[in-house]
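Student: Pasting a structure here, questions to come.
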Amino acid sequence: MKKEIPILLGLIVGILWYGEFFIAGMFQENQKLFFANGMKIAGVIGIMVGVYSVARQNYYKIKYNNERYYAILRVFMIFLMIFLGITSGTSPGTPFSSMFMSVYVPFQATVFSLLAFYIASAAYRSFKAKSVESGVLLAASIIVMLSKIPIGQEIWSQIPVMGEWIMDAPSSAGRRAIIFGGYLGSITMMIRIFFGLERSHLSE
Amino acid sequence: MDIKALLDNIFLNDMFVSWIPVLATIMILSFLYRDNPLYKIGENIFIGVALGYGWILSWEYIVDPFFIMPVKDMFVEFHFWDITYILWFLLALTMFFRFSRKNAWVANYYFGFLFGYMAGYYIPIAIQNILRQSTDLMKPINQGSFFESSKWFVIIFGTFAALMYFFFSKPHRGLLGKTARVGIVVMMIFFGAAFGSTVMGRVSLFIDRALLLVEFPMQSIVCTIAVIIYMIIYFKFIKKEKLHDDESFI
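Structure representation (C-alpha cells):
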C-alpha cells in the first residue's frame, strides 16, 4: 500500500492531465487551474525543502567539524545576501545587486572559464585520430573553433563559411536525431511511470 | 548613520566594485596551480552568494505571489475554491518526510502525484515536439544557391542516417549498416561542433576575465602578488605534501 496508492494517484492525475490536451470545456479549464495551482504550491514547498536541506547539511558540517570553517563562511554569505535583499531590495543599484555583479558574476565567469583549460588539456590527451569517426570529430571541432576567431579567416577565407555550413547542416542533423532519440526515450520513460513499471522515484 | 546608508557605503563604493571582482577572479584562477584554501574560500563564497541570491529571488517571484498573497486573500475573503490550496499545501508538505528514514514512504503520495502529473503533461508535449521537428525538416529543396540546397540534403539524409544508427530491431548489416555508419559520422560532426562551440564559449569567458584584470591593473598586480605569496607560504611551509615516488626520484 505504500507504493500502490501513490502509483494509482499518479495514474489518475496523469490521465486527467493527458485528457486536458484533447477535451475542451469548463471542467477541463477548472482542472487545468486546479493542477496549475497545485504545481505552484508544490514549487513553493520545494523551495522550503531545499532551504531545509541546505540548513541541515551545513548544520551537520559545522557540528561534526567536516570542513567547519568553510560551512560557516557559506552560511554567513547566505545570511548576508538574505539580509541585503530584505533591507535594500533587489532592484539595480542596491547593495544586493552590487553583490551579484561584483561577487557572483566574477566567480561564476571565472569558474566556467577554468573549464577552458581543463577541456583543452583533456582534449589534448584524448583526441587521437585513430579511426575515421574520431578524425571527423577532430576536424569538425577544429574547423568550428577556427571559424569563430579572426585568425581562421586569415588562414583561409573559406573557413568561416565551412564552419557555418557544419553548424547549419551536419551538426543540425546530428542534433535533431539526438533530440528525436531523447524525446522517444523520455516518452518511453513517462509511459513506464504512468503504468507503475518505473518505481525508482518512490521510497520503500 | 542609518543601516541603509551604511550598507550603501560598503557595497556600492568604488573600492568594493573594483577590488572584489579582481580578487574573486584571481582566487579562482589559483586553482590552476593546485587545489588550495583560497580557491575553497572563493568557491564557498560563490555557493553562499548564489544560494542567498536564488532564495531571495524565489521569495520575490514564487513564494510571495503564489503562496503569501493567496493566503492573505484567503483571510480577507474565503472562497470554497481556496480549500484546494490547503489540500495542495498538505500534499506538498509530505515532501518533508523524505528526510525521515522510517516514514519516507509518506512522501510517495506527493512524488506519485508529481510524476504522474509530469507523465500526463509531458507525453503530448514530446509528441508535439517530435512532429514540430519533423515539420521543420520538410522544406522545399530549392533554397536558391547550391550551397543552401546542400544543407537541405545533408539535414534530411543526415537525420535519417543518424536515426538509423539507433534502430536496433535489425542487425546493422548491408544497406542499414552503411546508413548507420553515415549516421555515426554525422553525430561525430555534431559532437565535434558542440565541443568546438563549448571551448570557444569558455575561452571567451576567460578573455572577459582577462579584460577585467586589464581594466584594473593596480588591483590585479596587488592581488596576484598577494595570492602568489600566500600560495608559496602555504605549499612550502603549511601544507608539506609527501612527494610521490616518481617525483622524489626526479
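Chains A and B are the protein sequences, given in the same order. For the first sequence, the working numbering gives the first residue as 732, with consecutive numbering after it. For the second sequence, the working numbering gives the first residue as 424, with consecutive numbering after it. Heads up, the beta-carbon is just placed ideally off N, CA and C, and yes, glycines get one too.
(1) Would Phe-536/B pass as an interface residue toward chain A - the criterion being a Cβ-Cβ separation below 8 Å?
(2) By the criterion of Cβ-Cβ separation under 8 Å, what are the contact partners of Leu-430/B in chain A?
(3) I need the DSSP call for Ala-527/B, collapsed to helix, strand or coil.
(4) Do Val-867/A and Ile-612/B have their C-beta atoms closer together than 8 Å?
(5) For Ser-385/B, return the contacting residues in chain A, with the cut-off set at a CB-CB distance below 8 Å.
(6) Check whether the region 840 to 847 of chain A touches the region 620 to 636 of chain B, taking contact to mean three or more Cβ pairs, one atom from each stretch, closer than 8 Å.
(7) Could you give the C-beta distance for Thr-507/B and Asn-768/A, rounded to a whole number, given that I count them as a contact under 8 Å?
(8) Going by other Cβ atoms of all chains shown within 10 Å of its Cβ, with 16 needed for buried, is Trp-504/B buried or exposed?
(9) Please classify Met-587/B: is it buried, with 16 or more other beta-carbons within 10 angstroms of its beta-carbon, or exposed?
(10) Under three-state DSSP, which class holds Lys-562/B?
(11) Specify, as a first and last residue, the run of the alpha helix (DSSP H) that Met-812/A falls within.
(12) Give the range of the alpha helix (DSSP H) segment to which Met-610/B is assigned.
(13) Write down every uninterrupted run of the alpha helix (DSSP H) in the region 825 to 910 of chain A whose length is 4 residues or greater and which is fully enclosed by it, in chain order.
(14) Output needed in chain order: residues of the region 592 to 621 of chain B with a Cβ under 9 Å from some Cβ in chain A.
(15) Phe-838/A and Phe-498/B: beta carbons closer than 8 Å?
(16) Could you tell me the boundaries of the alpha helix (DSSP H) in which Ile-746/A lies?
(17) On the CB-based measure, 16 or more other CB atoms within 10 Å of its CB, does Thr-558/B come out buried or exposed?
(18) What residues from the region 446 to 472 of chain B come within 7 Å of chain A, judged by C-beta to C-beta, listed N to C?
(19) May I ask you to report which of helix, strand or coil DSSP gives Asn-436/B?
(20) Quick check on DSSP: helix, strand or coil for Val-499/B?
(21) For Ile-673/B, which residues from the same chain have a beta carbon less than 8 Å from its beta carbon, with the 5 sequence-adjacent residues on both sides left out?
(22) Can you check whether the CB of Ala-585/B is closer than 8 Å to the CB of Ala-908/A?
(23) In angstroms with no decimal places, state the Cα-to-Cα distance between Gly-615/B and Ser-872/A.
(24) Classify Ser-401/B as helix, strand or coil using the three-state DSSP reduction.
(25) Which value, in whole angstroms, describes the spacing of the CA atoms of Tyr-484/B and Phe-536/B?
(26) Tell me whether the region 539 to 553 of chain B and the region 741 to 757 of chain A touch, counting them as touching only if at least three CB pairs, one residue from each stretch, are closer than 8 Å.
(27) Figure out for me which residue from Tyr-462/B, Phe-583/B, Phe-439/B, Asn-531/B has the closest Cα to the Cα of Tyr-657/B.
(28) Taking 8 Å as the threshold, find out whether the region 857 to 865 of chain A comes into contact with the region 638 to 648 of chain B through three or more Cβ pairs.
(29) Verify whether the separation of the beta carbon atoms of Val-744/A and Tyr-532/B is less than 8 Å.
(30) Could you give the residue range of the alpha helix (DSSP H) that holds Leu-516/B?
(31) Specify the secondary structure class of Ile-754/A as computed by DSSP and reduced to three states.
(32) Please report the distance separating the alpha-carbon of Val-440/B from that of Leu-635/B.
Tutor: A quick look at the data gives this:
(1) So, interface residue.
(2) Ordered by position in chain A, the residues that pass the 8 Å Cβ test against Leu-430/B are Leu-815, Thr-818, Ser-819, Pro-826.
(3) Of the three classes helix, strand and coil, the one that applies to Ala-527/B here is helix, per DSSP.
(4) Pairing Val-867/A with Ile-612/B gives a Cβ-Cβ distance under 8 Å.
(5) A question about residue 385/B goes unanswered here, because the residues of chain B that appear run from 424 up to 673.
(6) Touching, yes.
(7) That pair is a contact at about 6 Å.
(8) It counts as exposed.
(9) That one is buried.
(10) In this structure, Lys-562/B counts as coil in the three-state DSSP scheme.
(11) Counting along the chain, Met-812/A sits inside the alpha helix (DSSP H) bounded by residues 799 to 819.
(12) Looking at the DSSP string, the run of the alpha helix (DSSP H) that includes Met-610/B is 597 to 638.
(13) Entirely contained in the region 825 to 910 of chain A, the alpha helix (DSSP H) runs reaching 4 residues are, in chain order, 826 to 830, 836 to 857, 863 to 878, 881 to 886, 890 to 899.
(14) Taking 9 Å as the Cβ-Cβ cut-off against chain A, the residues of the region 592 to 621 of chain B that qualify are Arg-604, Gly-606, Ile-607, Val-608, Val-609, Met-610, Met-611, Ile-612, Phe-613, Phe-614, Gly-615, Ala-616, Ala-617, Phe-618, Gly-619, Ser-620, Thr-621.
(15) No.
(16) Counting along the chain, the unbroken alpha helix (DSSP H) around Ile-746/A starts and ends at 735 to 751.
(17) Exposed, by the Cβ-count rule.
(18) Across the region 446 to 472 of chain B, CB contacts with chain A closer than 7 Å involve Ala-447, Thr-448, Ile-451, Leu-452, Phe-454, Leu-455, Lys-463, Ile-464, Gly-465, Asn-467, Ile-468, Phe-469, Ile-470, Gly-471, Val-472, in sequence order along the chain.
(19) Correct three-state label for Asn-436/B: coil.
(20) Three-state DSSP puts Val-499/B in a helix.
(21) Interpretation of Ile-673/B is limited by its pLDDT of 46, a score under 50 that renders its predicted location unreliable; no figure is taken from the coordinates.
(22) Against a cut-off of 8 Å, the Cβ pair of Ala-585/B and Ala-908/A comes out as a contact.
(23) The straight-line gap from Cα to Cα measures roughly 4 Å.
(24) This structure leaves residue 401/B out entirely; chain B is present only between 424 and 673.
(25) Distance from the CA of Tyr-484/B to the CA of Phe-536/B, rounded to the nearest whole angstrom, comes to 24 Å.
(26) Output reads yes: the region 741 to 757 of chain A touches the region 539 to 553 of chain B.
(27) Residue Tyr-462/B is the option with its Cα nearest to Tyr-657/B.
(28) No, the region 857 to 865 of chain A does not touch the region 638 to 648 of chain B.
(29) No, Cβ-Cβ distance for Val-744/A and Tyr-532/B is not below 8 Å.
(30) Start and end: 506 to 516.
(31) Note: Ile-754/A maps to coil in three-state DSSP.
(32) The alpha-carbon atoms of Val-440/B and Leu-635/B are separated by roughly 12 Å.
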